[in-house]
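Notes for the one structure printed next.
Residue numbers (my numbering), protein chains in the order written: chain A, -6 to 257; chain B, 594 to 1179.
Given below as structure tokens:
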């Protein structure tokens, strides 16, 4: 055995084999490493030139009438330079943009574009200036600390969105929407960009880790139904009061009438 | 009695036990007295029962909760089973509420039973009050019992509020903060009262324990005491009944307590209990785990009190916010004081209503036959105005939810409700009064001419008439058996002066009784019947009937037509005497 090993090491192909193996390892490893790096970088970072060009076309056709050519803004719509790809993706992917009618707040509508088109628009808007970028899957995964997220949510968000994210009213027809059923990436982007009447919670206010905790809390509330039964939309005492008066007393009064009826 | 003591009773086991008890505590006498109490049958008489039974459920479930609840505000780190709060700092009160919800067997169900039955209790008490109000059951001799019932309603609100704040969660803490703000808005003594209640600056470390003492001892003890008084007076006064043949102010027509009502009421208790249990097992109420422990810095959107405090919260929301002035060595928060005063005034008027009405009518007779609401048009209209006022305040507590759910501007909703608060009661008063008078006229029409059958026949001479079916005597009794008051005049007192009070009373009397429809009397009825025999033509009828109704309505006391008609009616024959007697007394 020893002999054969020695022999093979001295074989004329040995050098070639070693070189080949070395090349495969370093090259393959490099390729693997770059692939991993690519997948970790935000989408906009790898947005290709043609994606941006496609986005510009869509922008000119659907957005420029209010936001102006090159996103410089008009009296009807704010400039989009520097709002970032995250803002564009939030607004378009949630169906708020393109706006249907002016009003106190842009309403959620059925989404108008395909995912590729939305990516393209986001890439174009992102290319207009430096701004918040679309979060990665890892940043929005609901695997943070729900307890900490709940506390942060109550301190920072509940005064508008309600303690369980059932939504609430703001002045003059504006409102904070309900957060049940809102995808995690939209929640993250909304915190990052402060759409419409919402304040910006940048990474200095709420670190990415804390944003993740908030998303974890909201997803927990969303996916874990109340231990006490049907929740009456999480609206609290008003819904409970209406329930007892209409349903509770509906039943009770029907029963009193039944008991008070004369037997025929 | 002497029989049973001398001879050995021979009977069944039960009879012997009963005899044993009777010889020692006289149960036979008690049963004879109570067992033969008569209660009339009507669904609306069971609303008070619902309140009573909900209260029993409250006591049962509340006792369970006291076994596990810890009313302390010491900070602890939560380490229970509810994930999203693990590691959070909170008070012991809140932690023990979470433990009751998630770790005590049946704890969450009991919490929900307790809370739903609290909502049911106050609602049933409120509905019961409305029934008593609209049927005039608060009249002599029941004015004091109205007052007791009113206090029970207020105590119900107090019990609810003190209980609502116990879990020390964010929602109830926000509610307490509002109370703290209201207390501090009271001039001069406000901040002292607040620091007395909270043992220093809000929130302090004492409030939960203090509210707990009130909630499980003082308030329920007072409720039980007043309930006993309330029921005792029902026994003394006997139950009221609706008008019908043979039902008078001197009797009660119905079934005896034993065995009919004992069975019915006993069964009804379990029905109410069952409905509460069904709701409590199916629907979440006050999910405290969602709100987190109390922290004075966050305020959640959609923070509302339970429904029975809602009208006060609404008053606070509807008050214009800029009514705050600096001066005279302090801040005068009329945006807080006005709602407080409006709330207190509203309660005072509700509590004092029987006395107010009695002062206006001067009626010293006992009333055991209930009014149909239409037969007291102004009282009914006042009640409708009060209900509207309360309901608008109530809606005011939900301005934010109305705005978001109906996609309206919060500011517009608020302004609309402010306007509605002032206009709504007036409108409700007017509409209700008109409807009540119209229904009374319809009753007159039916009594005098029977019901329209929709059958048209042609007379031999070519005339078409609709056949009217005469009312049977039992039906008719219900429609004619009521009393109609006349406005009184301001009379001079013994010194010959017309006092301000007398003038106020006279004008209120005019306000109450100027527009009225008198009940159909014998003479009128006879005339209508006579007329019917001779000419059954429908065209002729309105001519004889219309002036009667018209005269009755507008022209005030003095007019002879009204007084003669009154004399002809059978029911109010005694009334002028009572009317005269009252002013003399003063």
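C-beta atoms are modelled at their ideal positions from N, C-alpha and C, and glycine is treated no differently. Note that the coordinates shown come from a computational prediction; the quantities given were computed from them, not determined experimentally.
Would you call the region 165 to 181 of chain A in contact with the region 104 to 111 of chain A, where contact means no fewer than 3 C-beta pairs closer than 8 Å? No: fewer than three Cβ pairs fall under 8 Å.
In or out: residue 130(A) buried (at least 16 other Cβ within 10 Å) or exposed? So residue 130(A) ends up on the exposed side.
Identity of the residues DSSP links to residue 924(B) by a beta bridge: Per DSSP, 919(B).
Apply the 10 Å Cβ neighbour rule to residue 684(B) and answer buried if 16 or more other Cβ atoms are within range, or exposed otherwise. When all chains shown are included, residue 684(B) counts as buried.
Using a Cβ-Cβ cutoff of less than 7 Å, which residues in the same chain neighbour residue 1024(B) once the five nearest sequence positions on both sides are dropped? Here the set comprises nothing.
Here's the rule: buried if 16 or more other CB atoms are within 10 angstroms of the residue's CB, otherwise exposed. What is residue 82(A)? Looking at its Cβ environment, which holds 16 or more other Cβ atoms inside 10 Å, residue 82(A) is buried.
Please confirm whether residue 889(B) and residue 147(A) have their CB atoms less than 8 Å apart. No, they are not a contact pair.
Please compile the residues from chain B whose C-beta is within a distance smaller than 9 Å of the C-beta of residue 223(A). The contact set of residue 223(A) on chain B, defined by CB atoms closer than 9 Å, consists of 875, 876 and 877 in chain order.
For the beta strand (DSSP E) that residue 1062(B) lies in, which residues bound it at each end? Segment 1057 to 1062, the beta strand (DSSP E) holding residue 1062(B).
Can you tell me the Cα-Cα spacing of residue 1141(B) and residue 632(B), whole angstroms? Note that residue 1141(B) scores a pLDDT of 43, beneath 50, so its modelled location is shaky; the value from the coordinates is reported in the next line. One Cα belongs to residue 1141(B), the other to residue 632(B), and the distance between them is close to 38 Å.
When the Cβ atoms of the region 667 to 686 of chain B are set against those of the region 715 to 724 of chain B, are three or more pairs found closer than 8 Å? Look at the beta carbons and you see the region 667 to 686 of chain B not touching the region 715 to 724 of chain B: under three pairs across the two are nearer than 8 Å.
Rounded to whole angstroms, what is the Cα-Cα separation between residue 848(B) and residue 854(B)? Taking the straight line from one Cα to the other gives about 7 Å.
For residue 849(B): DSSP bridge partner residues: For residue 849(B), which the question treats as bridged, DSSP gives the partners 631(B).
Pick from 1053(B), 774(B), 977(B) and 903(B) that is closest to residue 1016(B), judged by C-alpha positions: Residue 1016(B) has its Cα closest to that of 977(B), out of 1053(B), 774(B), 977(B) and 903(B).
Against residue 857(B), what residues of chain A qualify as contacts under a CB-to-CB distance less than 7 Å, listed in chain order? In chain order: 252.
Counting contacts by CB-CB distance shorter than 8 Å, is residue 672(B) in contact with chain A? Residue 672(B) does not count as touching chain A.
Stretch pair the region 1091 to 1101 of chain B + the region 931 to 948 of chain B: three plus CB contacts closer than 8 Å: No: fewer than three Cβ pairs fall under 8 Å.
Going by beta carbon distance, what residues of the same chain come within less than 7 Å of residue 797(B), once the five residues before and after it are set aside? The residues are 791.
Contact between the region 988 to 995 of chain B and the region 909 to 925 of chain B: three or more CB pairs below 8 Å? Yes: at least three Cβ pairs fall under 8 Å.
Give me the Cβ distance between residue 79(A) and residue 202(A), rounded to the nearest whole Å; I'm assuming they're in contact under 8 Å. At roughly 17 Å, the Cβ-Cβ gap does not stay under 8 Å, so residue 79(A) and residue 202(A) are not in contact.
Check each residue of the region 639 to 652 of chain B: if its Cβ is closer than 8 Å to any Cβ of chain A, include it; give the result in chain order. Result list: 639, 640 and 643.
At the 8 Å Cβ level, is residue 636(B) part of the contact set with chain A, yes or no? Chain A contact via Cβ: present.
How would you label residue 44(A), buried or exposed, when you count the other beta carbons within 10 angstroms and need 16 or more for buried? Residue 44(A) comes out buried.
Cα-Cα separation, residue 87(A) to residue 186(A): Residue 186(A) has its alpha-carbon roughly 14 Å from the corresponding atom of residue 87(A).
Quick check on residue 762(B): does DSSP put it in helix, strand or coil? In the structure shown, residue 762(B) sits in a strand (DSSP, three-state: E or B).
Please check the pair residue 75(A) and residue 124(A), which I expect to be a contact at CB under 8 Å, by giving their CB distance rounded to whole angstroms. At roughly 5 Å, the Cβ-Cβ gap stays under 8 Å, so residue 75(A) and residue 124(A) are in contact.
4-residue-minimum alpha helix (DSSP H) runs that sit fully inside the region 916 to 997 of chain B, ordered along the chain: Fully enclosed alpha helix (DSSP H) runs of no fewer than 4 residues occupy 927 to 954 and 970 to 989 of the region 916 to 997 of chain B, in order along the chain.
CB contact below 8 Å: residue 613(B) versus chain A: For residue 613(B), not one C-beta of chain A is nearer than 8 Å to its own C-beta.
Just to confirm my understanding: we take residue 157(A), look at its own chain, exclude 5 residues before and 5 after, and list those with CB closer than 6 Å. What are they? Counting only Cβ-Cβ distances below 6 Å, and skipping sequence neighbours, we find 214 and 227.
Since residue 160(A) meets chain B, which of its residues come closer than 7 Å, beta carbon to beta carbon? Near residue 160(A) (Cβ distances below 7 Å), the residues of chain B are 997.
Please compile the residues from chain A whose C-beta is within a distance smaller than 7 Å of the C-beta of residue 864(B). Among the residues of chain A, those whose CB is under 7 Å from the CB of residue 864(B) are 248, following chain order.
DSSP three-state label for residue 834(B), please. Correct three-state label for residue 834(B): strand.
Taking all protein chains shown into account, do 16 or more other C-beta atoms lie within 10 angstroms of the C-beta of residue 619(B), making it buried, or fewer, making it exposed? Looking at its Cβ environment, which holds fewer than 16 other Cβ atoms inside 10 Å, residue 619(B) is exposed.
Could you give the distance in angstroms between the alpha-carbon of residue 233(A) and the alpha-carbon of residue 708(B)? Each residue's alpha carbon lies about 10 Å from the other.
Taking any Cβ of chain B, which residues in the region 119 to 151 of chain A have a Cβ under 7 Å from it, in chain order? With the criterion set as a beta carbon lying under 7 Å from some beta carbon of chain B, the members of the region 119 to 151 of chain A are 139, 140, 143, 144, 147, 148 and 151, in sequence order.
Between residue 755(B) and residue 731(B), what straight-line distance do the alpha-carbon atoms span, to the nearest angstrom? As the crow flies, the alpha-carbon of residue 755(B) is around 29 Å from that of residue 731(B).
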